[in-house]
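Residue numbers for the sequence shown follow the numbering used here, beginning at 79 and rising by one. Ideal Cβ positions, reconstructed from N, Cα and C, are used throughout, including at glycine. Predicted model, so just to flag it, every value in this text is computed and none were measured.
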Amino acid sequence: MHIDRCYCFQRTFAELKSVAARTGAGSVEELQRHVRFGHRCRLCLPYVRRMLRTGQTVFHEIIREQSTS
Ligand code: FES
79 MHIDRCYCFQ RTFAELKSVA ARTGAGSVEE LQRHVRFGHR CRLCLPYVRR
129 MLRTGQTVFH EIIREQSTS
């Protein structure tokens with residue numbers, strides 16, 4: 079398994095990470111003000127939250143919403 083992007087909007091987590099670094103966005107909501115992602119199935123949001131916390135941009139496990147709170 080290789081999860082590295084918001085598939086609905088074709089935005090890689092690496093791309094989102096660089097936007098966060100450039101803008102100082104520290105949450106999904108702040109990041110969404112600068113780049114469009116996560117508005118459809120929303121399955122990417124737990125991954126983006128973890129990326130913002132840890133810097134990780136490629137995942138090999140299923141992360142559910144409640145496991146990242
Ligand atoms: S994968 Fe991000 S909204 Fe569907």
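Three-state secondary structure assigned by DSSP to PHE91: Within the sequence shown, residue 91 is the residue found at index 13, counting from 1. Reduced to three states, the DSSP call for PHE91 is helix.
For ARG83, the three-state DSSP class (helix, strand or coil): Taking the first residue of the sequence shown as position 1, residue 83 is located at position 5. Residue state, collapsed to three classes: strand.
Cβ-heavy atom distance, PHE87 to the ligand FES, below 7 Å: Working through the sequence shown from its first residue, we reach residue 87 at position 9. Flag set: Cβ of PHE87 near the ligand FES.
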